[in-house]
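Step one of this worksheet: look at the structure below.
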Amino acid sequence: MFRKILTAIMGDPSERELKRMRPTVEQINELEAEFERKSDEELKALTSEFRTRITDQTQSLREELAEAEHEYEAVAGTDEQRFARLEVERLQKDLLKLEEDLLNDVLPEAFAAVREASK
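For reference, each letter of the sequence shown is one residue, going 1 to 119 in our numbering.
Here is the structure:
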């Protein structure tokens, strides 16, 4: 009874998830013809390309984070340690968000490549 009322108000959770994923699925399907023309070697090379793309686009932030971590270790035991820790945490969050965005950008191509390679 409660579940029916909740579903009537909020909608079916499965339907909400499908609605959220529909644009990504459409992007993947649009890539099908392009990826059908690729050889197995070209599909395999895409993995390295994706990795390189993500690494290149996160490199400067990774370097900045490494510097902040080094600074945090250098100021251990001082009043500046708290501020250094906050900076490290901020950079970690920024890096995580950037990686998430980049992975979401690559998702349709990666999924289309895997789908085609599995045929």
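Think of the CB as a built atom: it goes at the ideal place given N, C-alpha and C, for glycine as much as any other residue.
Computed from a predicted structure; not experimentally measured.
Under three-state DSSP, which class holds residue 85?
The residue labelled residue 85 in the question sits at position 85 within the sequence shown. Residue 85: helix per DSSP, three-state reduction.
Could you spell out the range, first to last residue, of the alpha helix (DSSP H) harbouring residue 80?
Translated into positions along the sequence shown, residue 80 becomes position 80. Here residue 80 belongs to no alpha helix (DSSP H), and DSSP marks it neither H nor E.
Less than 8 Å between the C-beta atoms of residue 91 and residue 54, yes or no?
To locate residue 91, count along the sequence shown from 1; it is residue 91. To locate residue 54, count along the sequence shown from 1; it is residue 54. Taking 8 Å as the Cβ cut-off, residue 91 and residue 54 do not qualify as a contacting pair.
Following the continuous alpha helix (DSSP H) through residue 48, name the residue where it begins and the one where it ends.
The count along the sequence shown starts at 1 and reaches residue 48 at position 48. That run of the alpha helix (DSSP H) goes 40-74.
With residue 134 as the anchor, note down where its alpha helix (DSSP H) starts and where it stops.
One cannot answer for residue 134 here, as it falls past the ends of the chain, which runs 1 to 119.
Taking C-beta to C-beta, are residue 68 and residue 99 nearer than 8 Å?
For this step, residue 68 is matched to residue 68 along the sequence shown. For this step, residue 99 is matched to residue 99 along the sequence shown. No. Outside cutoff.
For residue 37 and residue 11, I'd like the C-alpha separation in whole angstroms.
Start at 1 with the first residue of the sequence shown, and residue 37 comes out as number 37. Start at 1 with the first residue of the sequence shown, and residue 11 comes out as number 11. Taking the straight line joining both Cα atoms gives about 40 Å.
Identify whether residue 118 lies in helix, strand or coil by the three-state DSSP scheme.
Position 118 of the sequence shown holds residue 118. The answer is coil: DSSP assigns residue 118 none of H, G, I, E or B.
Around the C-beta of residue 113, are 16 or more other C-beta atoms found within 10 angstroms, so that it is buried, or is it exposed?
Counted from its first residue, the sequence shown places residue 113 at position 113. Classification for residue 113: buried.
Could you say which of 26, 20, 83 lies nearest to residue 111 if we only look at CA atoms?
Counting from one through the sequence shown, the residue named residue 111 turns up at place 111. Taking only the C-alpha atoms, the option nearest residue 111 is 26.
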